Each structure stands twice: as structure tokens, then as C-alpha cells.
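Trainee: Keeping their order, the protein sequence lines are chains A and B.
Residue 165 is where the first sequence starts when you use our numbering, and the numbers rise one by one after that.
Residue 18 is where the second sequence starts when you use our numbering, and the numbers rise one by one after that.
Note that beta-carbon positions come from the ideal geometry of N, C-alpha and C, so glycine has one too.
These numbers come from a predicted model, not from an experiment.
One structure, pasted below without further comment.
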Amino acid sequence: MIDSSNVLSLMKVVYAIYVTIVITLIGRFGIGITRQKKEAAKIGPFQKWVFYGWIGLLVFTGVGIHILTFNKIPWVKWDLNRHKLRADQEFNIAISDYKFQLPEKKLVIKEGQTVRFNLESMDYTYGFGLFRKDGSLVFQMQVVPGSKNDLVWKFDRSDNYTIRSTEYSGPKGGNLFVKNAVVIASEGVFAQLKNRLETKSEI
Amino acid sequence: MLQVNNINPLQRVALRFAVVSLLFYGLCILEGMLMRAHQIKFDLFEADHYFAIMGAHPIVGIFGSSFMLVFGAFYFLVPTLMKKTIYSQRLAELTWILMTIGVGIVWLSGFAFRYAALYTNYWPLPVSKEFSPFALGTFAIGNIIIMAGVFIFCYNLFATIFHQRDEKNPMGPMLISALGIDGFINLYRRLTRKGTEKEPIMPLPIVAIFRGSIDTVLDAVVLGGMSVIFLIHAVYSFIGTPLGYHWFDALLYKNIYWWGLDLIADGLVLIYIAGTWYLLATIISGKPLFMQNIARAALIVELVVSWNVWGHHLLSDQSQPNLMKIVSGEMVTAFELVTMGIAVFITLFTIWQARPIKMTPPLKFLLGGILGFSLGVPAGIIQADLGMNRILHNTQWVIGAHAHMQLLVGLGMTLYAALYTLFPMLTNDVKLKSNRLTNFHFWAHLIGGIGMSVAMGFAGMDGMLRRTIYPGDTTFQPQMIAAAFFGSLMILAYLAMMYNIISSIGIRGLIEIFIRLPKKLKGAAETAIQV
């Protein structure tokens, strides 16, 4: 399954190429206009069709990117159809006075499971994002007070994620993160972790 | 040196706007570099101080610098292009005074009272206990004064376009032309071969300025209206009976606020910019604009687009209806790429027709501006996608690769192109002292602006959030060092430009733009300058 890290890696390459091409084209244009022309420039049907072709290309690109991501990025469909999706696990998380109120100390998820996160803000607009150890973003959403803030995600590889608010909520909001709060574990490890957490909570 | 006695009131007021704008720009980049230094881990500020700077930064940059330069240029250009008198010189003077005071007060709300709800002002943070009533009230008063200045500018501008003092013209056709509708009519006539195409009444740049100013008014209504609500809350809190803040739905607020706020970015900036490019392209090339009717028609299409694109700011808000996300957030927003692409093509082709052409400072900066938007607009289109927004929203990508690329490189360089074009017109042919400094300004600003925005963009793709500080965490330090290096180039570019301009018009000339100096001082000041 395509992961957000795959998309971001590809995007870095595409963006670097795009920036290089655009700078080169404008640079070439800048040099070209200072040079002697071979013949007088005329506006004929060809130039007009190039212009209309350009508009067509822009429309195709602008709309095409959404069609491409709809078909290739799995979380777009999860998001649009999340009210119909059945989640294997569900976590209800509240945020109040710059603190996450997690249902358990660690949110342990079995690899391959689909999870629904229900977030509720008691005061300000916050964000809810999961981050990898290298700081890269798995996903994020806004947590708006008075609104239903839910997100469905499927986790298909073992890892530990940090939860962080992704929206500015005042100067105190910078401390709104919990390191390694989400643990994605393979089936065997998942059972052990669950047992350990349950024992601790009983004690 | 500038002989202030020889310039007319219109030139003087435009110069006043320009000077204030450049000073605010200096403050803005200083704030930017202070925040940058803090992000590198110099840990210069407490969190509330850092975010107070961040709150003031866009207001100083957008209203204090960009709007001020744009308004000054348009106050000069509109009467000049239309060969009319300005409707009210006094209102023009009042505009820059109000905006300067307003921006100063907003800045003070951060500096003195640590108001830091940032420009987003998401409800209910501004009216919460996080900020004192003094802080909120000061911010609200400053913002209301800025918006009063914006209203006065638009009123004066509309009145200048339509007033009948110099020549009587029927109002209906003037309005149709100002909206760009005659471009559509001409296209229809050409396609159907019915009737003959008519020369539009309004010059194309006026159409863009008029059209952009409609969005400017709407934006001021929303931002000013919200500030009035903030002020009411501040007054009630101050007298000890704070109002409840649950009567305003946070999501509805966000929709209204972004509808207004986005008119700055996607409405008036892109439209003003298109108009400025068209004007500069025709001045530089001496050729008529390529596909002029399409350009006119695109400006009215942009009206539909700019009023319906705000949804891309709410793609991560899960209660926002899916239909709004797809239609407004994705599809209508995609047409920003089309309208901007049309403006890029028309401008470049118009210049291309005139080759060979000398690479003058205005042309260089114009190409730099086009480059900035060519890099910044697609970056915005990428994040305005449901899939990509999930991993880019509120990261440094948004503010770096998209916003700063557009503002610093796209808008900034276009404004400098206009500045270098208008400088001799406003100063009665004062020549800039140094071409080398102008060239240095160009390259340092271009490389600095692109480098900084790209470094921030990569930080965003690596997961670094905007509006967030990472105390004790060095994960994103390399990207921030790169951004600081390129940001420093922009400081050097600014200093080079200011030195070049001030040494060209003289310190006495600079001061006399605002106040008349006594004659005795003249000799002493000149001696000092010579020394």
C-alpha cells in the first residue's frame, strides 16, 4: 500500500525537477528576448492555437492532479467514504487546555488494522497529526471545537508515532505533543503490549 | 537629487506611499530573520514573544508594505492612464496616514501586549483568556483603522474611474468595460461573426485594478467586521463582564474568515498582479497586448474563481461537507492555475514580439515576478488536493514553497518592476545612482527569495510544521540554516536597494517628501551629504 512517506519522497523529486525546469525556461526566455530575431513576429493562427493549447494543458493539469490522487492515494477514498467504513478499532481523544486526553497511555494498533480517531476540542481549534521518528508527517487533521472531527486510517507497517497538534492554538500550544503515543505492532507483539497495558491499568 | 518643489501632488502622495512601504518592508524582513534565527536554535525569545512577532509579521508585510506600494502606484497610475484628475487628493493622503497608524497599532499590540492569535485569528482564541483585553482591543483598533484606509482607497479609486469632471461619459458602458465584459462581447462577435469588435473604453490595467479592488472591499468588510466583534469583546472583558464565546460556531467562523482572507491571496493579488504585468509588458515592449479580449474576459472569470476558492483552506476540517471540499477546495481552486497561466502566457508573448529588447531593471524584475508565481501557484494547487493536503496542511510547504514564493518572489519582484518603472516618472527623471546596486538587488532578492522558499518547502515535506517552534529539537535545523542563509541575501538586497534609492534622491529629498525643511537647513544638509 502507498504510504505518505512514498508520496512525499516522490514529491521531493518532482518538485526539484519542476523548479529546475521553470527557472531554466524563464532564464532561456530572458536570454532569447535580448537576441536579434530572424523574422518579424506575426500573430497568426499557429500562435493562437499554441495559446489555446496552453489553456487546455492548464485545465488538464489542474483537474488531472485530483483525478490522479483520487485513484492512486488510498486515504482520499477512506476520507470521502469514512462514514461508511467499518473500523477495527476506535479511539476517542479529547483536547482541553493544551493537553491531549488519551484513552490509554499508548494507543496500540495491530498491523493491518483500520482505525477511526474521534477528536474533540473543549476550547480552541487544535490539530491532530501523527509523526514518524524522523519528523515526517503520516497524516493530520484539524480539531475544531463544536464539530465532529474524525479520521479513518489503515496502518500496514509496524512503527511508533508521535502525536502532535498541527494547528496553532496560542503560545502554549507548542508543548501539545506526546512522544511515541501510537504503537503499530505485528500480531504477536500486539497481544503482548495489550496484556502489559491491561496489567498496568489493573495495578 | 530630488527637487521636491517641482513634483506635483499626485507624484508626492505616490512617493509617500512608496517610502512608508519600503520602511515597513525593512521591518518585515527583520522580523522574518529574527524568527528564522530563533528556529535555528538560537532560542532568542519566549514563546509568547516569538508568536507576537509572528502575528505582526504578515500585517506589516501585507498591509504595511505590499498594499501600501500597490495603493501608491495605483493612485498615480489610474488618473495618469485615464488622463483624468484624481477624485480626492485629501483622501489619498488620508489613506497612507490611516494605514500607517493602523499597522503601527497592530504591531504595538504584539510588541507591548503580546497579542498573538496570528492572522488566522481562529475563533475563539482571540477573545479567550489567553490574551488581555488591552491586547485584543489594541489589535482590533489597529485593524479597523487599516480597513478604514482600505475602504477610503477603494472609494477614491472607484470615484476617480467614474467621475465626470473632465469629460461626460455614459455610466453603463463604462461599468461594463471596467468589469471586462466588453472583452466577452468582442469574443462573441468574433466567434459568431456578428457585428464589429469595439475598442474597449477602459485600458486593460484599469479593468484589473477595478476588478481587484472589488475583492479588496469585500476583504476589508470581513476583516473589519471581525475586528469590530473583537473590539466589542475587548470592551466587555475590560469592564469585567466578558461575553460568552460559544455563540459563534468555530467552523462557520473559519469559513467566513477564510472567504474574506483568501480574497487577498487569490483575488486581489493575482488580479492586481495580472494588471501590472499587462501594463509593464506593453510599456516595455511598446506592443499591443496579445489576446487582449481573452485577458479582459479572464479578469471577470477570475471574479467567479476568487469568490469560490476559500474551501482549499478547509480540506483538513472533517466537518466541512465533502461537496464543498471537492468543488470549492479542489476544482475551483484548480482554475487559479488557469487564470494565472493565461496571464503568464499573454505577458511573455507580448514581450517576445518585441525582441530584441534591452534587459532593463523593470524587465528583469518582471521576469522574476513571473518566475515567482510560476513556482508558487502550482505549489498551492498541489496542497489544494484532498490527498496531498492530508500530509502538507500547516507544514512549512504551505508558507514556504507556496506563500513566501508568491509574496517575496512573485509579488515582491513585480512590485519592484513597477517601482523601477515609476521611479523616473515620480521623481521627474531622477536617475538611480548605481546600475550595479540595482543588479545586485535583483540577483540577491531572486536567489534569496527562491532559495528560502524552496528550503522551507523541503522542511515542510520533511514534516516541519508552520506556526510551531521545536524547543531543543534539531530535526529541521539544516533546512532552517539554508533558509536563513538565503533570507540573509534578501536583507542585503534590501539594503542595496535602499542605499541606491536614498543616495539618488538625497536625504533632504527623502525628508521633503513628507515635510518641508527650512531653507537654512538646505545648505547644511547638502554640505553633510557632500562630506
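From T364/B to I281/B, what distance separates their C-alpha atoms?
Mentor: For this step, residue 364/B is matched to residue 347 along the second sequence. For this step, residue 281/B is matched to residue 264 along the second sequence. So the alpha carbons of these two residues sit roughly 22 Å apart.
Trainee: How big is the Cα-Cα spacing for L115/B and N445/B?
Mentor: For this step, residue 115/B is matched to residue 98 along the second sequence. For this step, residue 445/B is matched to residue 428 along the second sequence. Their backbone Cα atoms lie some 27 Å apart in a straight line.
Trainee: For Y295/B, count the other beta carbons within 10 Å of its own beta carbon; 16 or more makes it buried, fewer makes it exposed. Which is it?
Mentor: Here residue 295/B corresponds to residue number 278 of the second sequence, with the count starting at 1. Burial call: buried.
Trainee: Any C-beta of chain A sitting closer than 8 Å to the C-beta of G474/B?
Mentor: For the purposes of this step, residue 474/B is taken as residue 457 along the second sequence, with counting starting at 1. With 8 Å as the cut-off, G474/B counts as an interface residue toward chain A.
Trainee: Taking the alpha carbon of L221/B as the point to measure from, which residue in L380/B, A298/B, R182/B and A461/B has its own alpha carbon closest?
Mentor: As a working mapping, residue 221/B is identified with position 204 in the second sequence. Selected option, being the one with the closest Cα: A298/B.
Trainee: Thinking just about the alpha-carbon of each residue, which of R228/B, R207/B, L278/B and R210/B is nearest to the one in G242/B?
Mentor: Here residue 242/B refers to the residue found at position 225 when the second sequence is read from its first residue. Taking only the C-alpha atoms, the option nearest G242/B is L278/B.
Trainee: List the residues of chain A whose Cβ lies closer than 8 Å to the Cβ of E347/B, in chain order.
Mentor: Here residue 347/B corresponds to residue number 330 of the second sequence, with the count starting at 1. Neighbours of E347/B on chain A, chain order: H230.
Trainee: Just tell me which of H180/B, M85/B, R484/B and Q370/B has its CA closest to the CA of G334/A.
Mentor: Position 170 of the first sequence, counted from the first residue, corresponds to residue 334/A. When each option's Cα is compared against that of G334/A, the closest is R484/B.
Trainee: Using a Cβ-Cβ cut-off of 6 Å (strictly less than) and excluding sequence neighbours within five positions of Q370/B, which residues of its own chain qualify?
Mentor: By 1-based counting over the second sequence, the position of residue 370/B is 353. K304, listed in sequence order.
Trainee: Once you ignore the five residues that flank S230/B on each side, which residues in its own chain have a CB closer than 6 Å to its CB?
Mentor: The count along the second sequence starts at 1 and reaches residue 230/B at position 213. Answer for S230/B: C171 and L174, listed in chain order.
Trainee: Let me check understanding here. Comparing Cα to Cα, which of E254/A, L340/A, G226/A and V186/A lies closest to D314/A?
Mentor: Residue mapping note: residue 314/A aligns to position 150 of the first sequence, counting from 1. Here the closest residue by C-alpha is E254/A.
Trainee: Can you check DSSP and say which residues form a bridge with Y325/A?
Mentor: In the first sequence, counting from the first residue as 1, residue 325/A sits at position 161. BP columns for Y325/A point to V346/A.
Trainee: Do T293/B and the ligand GDP come close, with the Cβ less than 7 Å from some heavy atom?
Mentor: Because no ligand of any kind appears in the structure shown, any question about the ligand GDP cannot be addressed here.
Trainee: Which residue's Cα is closest to the Cα of L436/B: N25/B, P26/B and A35/B?
Mentor: The count along the second sequence starts at 1 and reaches residue 436/B at position 419. Taking only the C-alpha atoms, the option nearest L436/B is A35/B.
Trainee: Since I169/B and A195/B are thought to touch, with beta carbons under 8 Å apart, how far apart are those beta carbons, to the nearest angstrom?
Mentor: Counting from one through the second sequence, the residue named residue 169/B turns up at place 152. Counting from one through the second sequence, the residue named residue 195/B turns up at place 178. With 8 Å as the limit, I169/B and A195/B do not qualify as a contact, their Cβ atoms being about 19 Å apart.
Trainee: Run through chain A and tell me which residues come within less than 8 Å of D529/B, C-beta to C-beta.
Mentor: As a working note, residue 529/B is residue 512 in the second sequence. Checking the sequence, you will find Glu at residue 529/B rather than Asp. Ordered by position in chain A, no residue passes the 8 Å Cβ test against E529/B, which lies about 38 Å from the chain.
Trainee: Taking a cut of 7 Å between CB atoms, which residues from the segment 43-77 of chain B lie near chain A?
Mentor: Those would be A64, D65 and F68, in chain order.
Trainee: Please report the distance separating the alpha-carbon of M18/B from that of G526/B.
Mentor: Taking the first residue of the second sequence as 1, we reach residue 18/B at position 1. Taking the first residue of the second sequence as 1, we reach residue 526/B at position 509. Approximately 7 Å, taken between the alpha carbons.
Trainee: Return the Cβ separation of A349/A and K274/A in integer angstroms, given the expectation that the two are a contact with Cβ distance under 8 Å.
Mentor: Taking the first residue of the first sequence as position 1, residue 349/A is located at position 185. Taking the first residue of the first sequence as position 1, residue 274/A is located at position 110. Going by Cβ atoms, the distance from A349/A to K274/A rounds to 7 Å, so yes, they are a contact pair.
Trainee: Would you decide whether W327/B is buried or exposed? Buried here means 16 or more other CB atoms lie within 10 Å of its CB.
Mentor: Along the second sequence, one-based indexing puts residue 327/B at 310. By the neighbour-count rule (16 or more Cβ atoms within 10 Å), W327/B is buried.
Trainee: Could you tell me whether the segment 108-124 of chain B touches the segment 26-35 of chain B, where touching means 3 or more Cβ pairs closer than 8 Å?
Mentor: The segment 108-124 of chain B, when compared against the segment 26-35 of chain B, does touch it at the 8 Å Cβ threshold.
Trainee: Could you pull the start and end residues of the beta strand (DSSP E) that T278/A belongs to?
Mentor: Taking the first sequence and counting its residues from 1, the one referred to as residue 278/A is at position 114. Start and end: T278 to S285.
Trainee: Count the other C-beta atoms from every protein chain shown that fall within 10 angstroms of the C-beta of Y216/A, then say buried if there are 16 or more, exposed otherwise.
Mentor: As a working mapping, residue 216/A is identified with position 52 in the first sequence. Per the 10 Å Cβ criterion, exposed.
Trainee: Can you pull the chain B neighbours of Q356/A, defined as C-beta to C-beta under 9 Å?
Mentor: Within the first sequence, residue 356/A is the residue found at index 192, counting from 1. Those do not exist, as Q356/A stays about 29 Å from chain B at its closest Cβ, beyond 9 Å.
Trainee: What residue from T367/B, A267/B and M341/B has the CA that sits closest to L306/B's CA?
Mentor: Sequence index remark: in the second sequence, residue 306/B carries index 289 (1-based). When only C-alpha atoms are compared, the closest one is T367/B.
Trainee: Just to confirm the assignment, what range does the beta strand (DSSP E) spanning I257/A have?
Mentor: Residue 257/A sits at position 93 when you count from the first residue of the first sequence. It spans Q253 to S260 - the beta strand (DSSP E) in which I257/A sits, taken as one unbroken run.
Trainee: Let me check understanding here. Comparing Cα to Cα, which of N272/B, P143/B and Y67/B lies closest to Q337/B?
Mentor: Taking the first residue of the second sequence as 1, we reach residue 337/B at position 320. Nearest of N272/B, P143/B and Y67/B to Q337/B, Cα basis: N272/B.
Trainee: Taking 8 Å as the threshold, find out whether the segment 350-359 of chain A comes into contact with the segment 413-426 of chain B through three or more Cβ pairs.
Mentor: The segment 350-359 of chain A, when compared against the segment 413-426 of chain B, does not touch it at the 8 Å Cβ threshold.
Trainee: Mind listing the chain B neighbours of S311/A? Cutoff is C-beta to C-beta under 9 Å, in chain order.
Mentor: If you number the first sequence from 1, residue 311/A lands on position 147. Going along chain B in sequence order, the residues near S311/A (Cβ under 9 Å) are D266, A267, L268, D334, Q335, S336 and Q337.
Trainee: Starting from the C-beta of V144/B, find all residues in its chain whose C-beta is less than 6 Å away, skip the five residues before and the five after it, and write them out in chain order.
Mentor: Walking along the second sequence from the start, residue 144/B turns up at place 127. Cβ neighbours of V144/B beyond the five flanking positions: H250 and Y262.
Trainee: Which residues in the same chain as V548/B place their Cβ atom closer than 8 Å to its Cβ, once the five residues preceding and following it in sequence are excluded?
Mentor: Numbered from 1 along the second sequence, position 531 holds the residue referred to as residue 548/B. Any reading at V548/B needs caution, since the residue's pLDDT is 43, under 50, leaving its predicted position unreliable; the model's value is listed next. So the list is empty, once near-sequence residues are dropped.
Trainee: For G465/B versus M430/B, is the C-beta spacing smaller than 8 Å?
Mentor: The count along the second sequence starts at 1 and reaches residue 465/B at position 448. The count along the second sequence starts at 1 and reaches residue 430/B at position 413. Cβ atoms of G465/B and M430/B: not closer than 8 Å.
Trainee: Let me check understanding here. Comparing Cα to Cα, which of A134/B, I202/B, M164/B and D266/B lies closest to D232/B?
Mentor: Here residue 232/B corresponds to residue number 215 of the second sequence, with the count starting at 1. Cα-wise, what sits closest to D232/B is M164/B.
Trainee: Using a beta-carbon distance below 8 Å, is V355/B in contact with chain A?
Mentor: Looking up residue 355/B in the second sequence gives position 338. Interface residue, yes.
Trainee: What are the complete alpha helix (DSSP H) segments, minimum 4 residues, inside the segment 351-421 of chain B?
Mentor: For the segment 351-421 of chain B, whole alpha helix (DSSP H) runs of length 4 or above, ordered along the chain, are 378-400 and 403-409.
Trainee: Write down the C-beta distance between V77/B and V120/B rounded to the nearest angstrom, noting that I regard them as a contact closer than 8 Å.
Mentor: The sequence position of residue 77/B within the second sequence is 60, counting from 1. The sequence position of residue 120/B within the second sequence is 103, counting from 1. Yes, they are in contact, since the Cβ atoms of V77/B and V120/B sit about 6 Å apart, within 8 Å.
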